[in-house]
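Protein chains in written order, with the numbering used here: chain D, 20 to 232; chain C, 446 to 1105; chain G, 94 to 570; chain H, -1 to 303.
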Amino acid sequence: MHAIIDPLLVVVLLLNFFLLGTSRLQAVINSSAAQGVLLGLLTIFVHEGITLRAALVAALAIVVKGLIIPGMLLRAMRDAAIRREIEPIIGFLPSLLLGALGTGASLIFARTLPLAAEHVGSLLVPASLATVLTGFIVLTTRRKAITQVVGYLVLENGIFIMGLILLEAMPFTVEMGVLLDLVVGIFVMGIIINHISREFSSLDTARLSALKE
Amino acid sequence: MSETLLLAAVALAATSGVPGLFLRRTAKAGEWLAALFMLGGAALGCAAAITALTTDSPGITYAWHVPGGEFALRVDALSAMFILQIFVLALLGSIYGLGYWRQAEHPSNGRKLRLFYGLLTGAMALLVSASNTMLFIAAWEVMTLTAFLTLTTEDERASVREVGYVYIVSTRLGTLCLFALFALLFTTSGGFAFAAPALGTSPTLSTAIFLLGVAGFGLKAGVMPMHVWLPGAHANAPSHVSALMSGVLIKTGIYGLVRLCSLFANPPVWWGSLILGLGIVSGVFGVAFAIGQHDLKRLLAYHSVENIGIICIGLGVALLGRSLGRGELVVLGLGGALLHVWNHGLFKGLLFLAAGSVLHATGTRELDQLGGIAKRMPWTTLAFLTGAVAICGLPPLNGFVSELLVYLGLFRAAGSQARELWLAGALAAPALALIGALAGACFAKAFGTVFLGEGRSAHAARAHEASVLMLAPMAVLAGACVVIGLAPPLVAPILQAAVDAWAPEAGLAQPALHTLAPFGYVSLAGLALLGALGTVALWQWVKTRGAAGGRQSMVGTWDCGYAAPSARMQYTASSFAQALIGLFAWGLRPRIHAPKLSSLFPKPATFESHVPDLILDRLLVPSVRFATRATHAVRFMQGGNLHAYVLYVLLTVLVLLWWR
Amino acid sequence: MILALVLTPLAFAALAFVVPSARWRPWLLPLGGGTHAALAFSCLRQPQAVPDGAWLAIDPIGRVVLGFVTLLYLVCTLYAPGYLALRATRSNRVFVTSLLGFLAMMTLGIIAQHVGLMWVAIEACTLCAAPLLYFNKNPRSIEATWKYLLIGSVGIALALLGSFFLAYAALHGGLSSSLYFADLVREAPQLSRPWLHAAFVLLFVGYGTKMGLAPMHSWKPDAYGEAPGLVGVLLAGGLTSCAFLAVLRFFQICSAAGEADFARKMLIALGLASMAVAGVFMVRQRDYKRMLAYSSVEHMGILVLGIGIGGLGVFGSLLHLVNNGFTKGVLFLSAANIHRAYGSKLVADVSGVIRRLPITGALFLAGFFAITGSPPFGPFFSEFTILRAAIASGQFGVAALFLLLLVVVFMGMGATVLAVVQGEPKPGPNATAFQDSFFTVMPIMAFLGLVLVLGIYLPPEVDGALRSAAAFLENRP
Amino acid sequence: MTLTSAHLAIHVFAVLTMPLLLVGVITKTKAAFAGRVGPPVWQPYYDVTKLMRKGSVFSKTTTWVFRAGPVVGLVTALAAAALLPLGGHAAPLSFEGDLILFAYLFGLGRFFTMAAALDTGSAFEGMGAAREATFACLAEPALFFGLIVLARFSGSLSLTAMMGSTLADEWHRGGASLVLVIVSLFIVLLAENSRIPVDDPTTHLELTMIHEVMVLDHGGPALGLIEYGAAVKLFVFGALVVRIAVPYSADPWLAWGVFAACMLALAVTIGVVESIMARLRLVQVPVLLVAACLLSAFGIVLVAR
């Protein structure tokens, strides 16, 4: 099982680095979409035998994370007529380094957590944590509102990886609820982004700092 | 029986302002109804107190559905003393208010003032009779809040808002100390009754309880250095509210302290010493600060600090007596303290009412703007003089009687072999003498500048005698001062009952008060003194005015040859105080703005000196300002930067994960 | 029956979306609120056993929170028609719909008996609240909404991760990992400790972000400052209560697993931190609505502090949840009236409310006294109970810090409130002709009445419900 | 009984007649030092009698308070004299705690004297009142420290018991303390009675006076009362100091003689002090009074040790 999953997870991690290193917004969105598709695939492989349920979750994940959400983001990007992430708060290279550091830390931290026999040696937990951290890095260092949404999406992806282990534990309805919430959340964020670009004629969140002490 | 009466009294008093709310703003009936309600409440309240003094009541208890609450009341002799005082002063203040704060003159805030005045009275009466700590603290806080609301009656004035804020913050600090105190008391005694900590309680906890009580109750009582709210609050409240606050509200702090100390059968010696020390500090510095004031009501307010100091000295003696097994010290100290609680209420109430009359007639509280009012307001003058003589502890008025008790306690302590006792007596008795002399100086200054001499401004020229509604309460208070001063045996049984009520279960043998205090002689001496004064005065009157060859002529004051004296050349309050302020400059830190005279013919210049409150203006305000500036340093945390906000979340996770 | 609690408001929401009249639509709110309250109280009358494997049920703790939230919501909706009539220039379709949806989701969050379902409901609450915050549609409210949404989403994502960790803890412990609360509590001793610890941290931070505990509170002043007052009440009283309920449930699992000390440490730390941060930011606060937000941060701190202290503190904390919510109702709604009348949220522009709006001013002042723990108002008893618990359990340092921070908060809040309420009214640049009226004042009075009742007479039913909830939380029979 | 009555009669007689004699003796002594003959020792009696017969002049500014001042001043001094045992004989009125009444009676007199001074509205009299108030504040604790020493020795709080026959024994037990107390009380006496070095009762410059400047405006009978009252006050303080210094009470009748002689000796002493010392600068007076406080405080430490 690890044989299929771990390489896929490595790709997910590489996508994380790509996200951190690139300045083109479209690439950022696309890589998050790719991550979403990969996660969908992982859903199928993570358990022995393909159940109907796993297939359904996988399909929905691919549709939501790989198509709907990136679609919404791309549209928002076009509406706001922006292409690039301007120089992030700590630069691309430092963010890459931070990402590497985070991934390393995740590997170490995951080792302190006892795993069930079937998960020992798997990359699932560290990859999940690393992706969550990547999401945080994007959220805290990128200036554009859209990029921050992508950061949130990556964060959610990381959590989704964790959820893969527990596919049986989560009832299907809940799984669907989570995905629905995600879609609606991103949708609402999209609306707000739309308003931001209209009111502030920019998606730079640095401008959103009127409310302070 | 007494509790039921008291509840009715509380209900009447607390609702006294309510009927007025349903009347028109200009309606006169509201104020009269309020006074009438208050009259009923006071009658019932006094009846309750007198019942409690004569019969012992087990108290009443009703269920009260709040956590830890129990509507438990018990009026013992100690409570009764305070209840009497509360209702008498509240009623007199309420009548005074009919003339002083007429609805017609204050349509916008008169109703509000009377509403909260009534609630304040009710809350105070409830708190001194509560035997459940939750009920106590609830009444306490209602009292605090309503006092704040009456105090800020004229909140359109910035100075009133300022003192209101200082008051509400300091009083909150005190309330929180009491929260901790009662929580500790609950933990150590296992209940919400006023009960001593269980036997095995560690001394540290008992000490904590005591210190919290000193802080919490001391803040309310205005014990120096916790007096910061008091001068401003008393100066800026309407005068009958000042009278009520100074006369009884701050005494609830004393009540709390006395009640708390009553729980401990065997307090450590240093408790009494601490209270005694605080009393000396309050007494001496209270009066020293009073001397430096230019504002009549502020001056009176500092005298409240002084008198609280005297009360604390008495309480300290009583505690020392209890610690060291000296029953007579307990009787004299506590008896003196409790009688002084009454006396201070009477003469300070009288002084504030008289000061209010002056303020009402002239529109200013500034001493150096007044003068020569005696001729225009003879009765107010007499009232103020009575209060002044009484507050200085001079015979033959009431202040002397209570101070005498405290002195007797101190001298007995000074005669003892125990080091704590003789030191306490040898320090406190001369300190009390100093306090008395300083008070005399201060009231000579206040009385002299306000009422005697020539008027210094147009304000003083406006003065006119107060209305009967305002004079009558003053007359009652002055009468009470005279009666207690001349006939102290009248109050001896009440004091005896209250002192007995203070003893815990296994008390120490205490001699009876009348065997210790020479009340009969005081009475005799007072009457003889009055008789002699009357005789000589009569002789002088006959001599100067009578038919037997008496001649008198009226001329201007001899001014040592100066040709054109003016009223402004009179000795002012500031000049009177200057030498004394100089003596205490090390503690008062007066601010003096003296002009620099450079040439032989200098330009007109002004000289100004004032004594700001050492603790409030020199210590607390600057340090709070500093702390506020320090908080600005962390404001960047909330700088509007979303990235930082997300980072906080992440960091919290990481720190907590690492910390686990 | 229980399902109807969720479906009814949803139905009203749908109805609100289709009703064409902007004038009549707001009246659906009191109607929906009233129906919900009636339904809720008919469910609440008797404590019910939680059936095994039930998705939705009212357990003892849910009983307290549901009763409180429905009452809070009902009184709030009484304010809504009057408020929306004043803002007739704006479309209220989305607002009313979201508000009703918000109720549905809060209810779902309270009665959900499954970790995942509760998460979904609370996340949905967050999303429903976004259009409510955004009602004013100006740059400031956009900014506030954006921050709220992003931080809230990050927080709730962490909570999801925490939920997965918890599930893994169960899985690793060899349990069926059903993720029903009742099962988790029952089987808690077998949960894998490292996973449980990590899960609790993530859940606490996640739901703590929703609660607005410092240092995750940063969205709160912005959101509460810009939201209409009525939304402020529902966020400060309703949403935070649901999040607190979530924290409580996970605390219950922890303590059932014998890890209460571990959890308490964190609860106390963040509780005190919240109070401290609130105190610091309340000093010299220039904006009275933001001040209320910090007050909310403070009281969230007190809530978790009470739980952290344990013993009697749990009871105190639950009581405080109710007291704080209703008092916040008084404060936010009267602040909303003040904002309407003066057209400014800045203390510098506002003074003399007691003269300009006598009833609102008096209520605002009373609310201030209430929230700072003065008798005879309810919060006094809850705060005192928490203090008592701290002292009874020998945590003197915590008690001292608690009191100290209460003083700081009182000083900060007092200065601002008194500056607003007292003095002569200033003729501000944006002042309006707004005056106290029945609909803008009556709900505030209702809130104050509730707070006062809780401070004078705690009905035995409420007392009993709170006690059984506290016992339930501490896994006592 | 009759014996007691006789002693009482002597007490009253001494209080009423002797004070003015002391003033005369002081004046005579000072005159002798200055090499003058000086007025006869009976001169104060003539002065007071003459003043009593004169008419009155009042300032238009004043009120009844002005007239009350001299009355209260005299009556309080006389009342204090009634509390004080003379020559070891019981005072007419004596009870536990009378020493406090004794001290406070002077306070009452002082209060009204100051009020009367302020009533004239004159800057000079105000100044005098301010000084009187200031120095009294320092004299009062010194007096109390002294009284504590005596009370501790005698174990009683009544002047009669404190100054009774036991006083002689106390010299054996704690003579050092008593010496300190005597010095301290003597300074208090000088200050309370406006004597050199604290005040100069005969100066002609109003700016430097204390007591005299307060009574500038009084004339006729009022001034007579004041002069008499001041003399009684001097007598009372003198009697206090004299009794502590010479606690003779072996023979009750001889004791009266000893008392009278000692009082005259005290008057001479005061006259000598006034003759050989200059008045202190006003700012130095507090130092002197604080020194008096410290002396008697040290007295307490010595006994309590």
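Idealized CB from N, CA, C, for every residue including glycine.
CB contact check: residue i to chain D, cutoff 8 Å
i: valine 513 of chain G; result: no
i: valine 1091 of chain C; result: yes
i: leucine 1095 of chain C; result: yes
i: alanine 563 of chain G; result: no
Test: residue i CB closer than 8 Å to a CB of chain G
i: isoleucine 108 of chain D; result: no
i: phenylalanine 145 of chain D; result: Note that residue 145 of chain D is proline in the sequence shown, not phenylalanine. With 8 Å as the cut-off, proline 145 of chain D does not count as an interface residue toward chain G.
i: histidine 551 of chain C; result: no
i: glycine 204 of chain D; result: yes
Within-8 Å CB hit, residue i to chain H
i: lysine 988 of chain C; result: yes
Inter-residue spacing [alpha-carbon to alpha-carbon] between residue i and residue j
i: phenylalanine 964 of chain C; j: proline 83 of chain H; result: 21 Å
i: phenylalanine 565 of chain G; j: valine 463 of chain C; result: 45 Å
i: lysine 820 of chain C; j: alanine 101 of chain H; result: 32 Å
i: leucine 497 of chain G; j: leucine 480 of chain G; result: 12 Å
i: leucine 86 of chain D; j: serine 125 of chain D; result: 29 Å
i: methionine 579 of chain C; j: glycine 513 of chain C; result: 7 Å
i: leucine 827 of chain C; j: leucine 280 of chain H; result: 34 Å
i: valine 520 of chain C; j: glycine 761 of chain C; result: 24 Å
i: arginine 97 of chain D; j: methionine 309 of chain G; result: 33 Å
i: arginine 810 of chain C; j: alanine 800 of chain C; result: 8 Å
i: glycine 781 of chain C; j: leucine 205 of chain H; result: 42 Å
i: methionine 393 of chain G; j: lysine 303 of chain G; result: 10 Å
i: asparagine 213 of chain D; j: proline 321 of chain G; result: 22 Å
i: phenylalanine 787 of chain C; j: threonine 980 of chain C; result: Rather than phenylalanine, the amino acid found at residue 787 of chain C in this sequence is tryptophan. If I take the Cα positions, the gap works out to 31 Å.
i: phenylalanine 235 of chain H; j: leucine 76 of chain H; result: 12 Å
i: alanine 512 of chain G; j: threonine 160 of chain D; result: 40 Å
Per DSSP, the bridge partner or partners of residue i
i: serine 421 of chain C; result: Chain C is shown only over 446 to 1105; residue 421 of chain C falls outside these bounds and no answer can be derived.
i: tyrosine 507 of chain C; result: C:Phe516
i: glutamate 811 of chain C; result: C:Asp740
i: tyrosine 273 of chain G; result: G:His207
i: asparagine 430 of chain G; result: DSSP output for asparagine 430 of chain G lists no bridge partner at all.
8 Å Cβ cutoff, residue i in contact with chain C
i: alanine 508 of chain G; result: yes
i: serine 234 of chain G; result: no
i: lysine 163 of chain D; result: no
i: phenylalanine 155 of chain D; result: yes
Whole-Å CB distance - residue i paired with residue j, under 8 Å assumed
i: alanine 453 of chain C; j: leucine 489 of chain C; result: 5 Å
i: leucine 185 of chain D; j: tyrosine 261 of chain G; result: 6 Å
i: leucine 295 of chain G; j: leucine 341 of chain G; result: With 8 Å as the limit, leucine 295 of chain G and leucine 341 of chain G do not qualify as a contact, their Cβ atoms being about 16 Å apart.
Requested in this report: Could you tell me whether the stretch 137 to 155 of chain D touches the stretch 193 to 207 of chain D, using the rule of 3 or more Cβ pairs below 8 Å?
Outcome: At 8 Å Cβ cutoff, the stretches do not touch.
Query raised in the report: Between the stretch 611 to 625 of chain C and the stretch 493 to 513 of chain G, do at least 3 Cβ pairs fall closer than 8 Å?
Result: As far as the Cβ criterion goes, the stretch 611 to 625 of chain C touches the stretch 493 to 513 of chain G, which means the pair count is three or higher.
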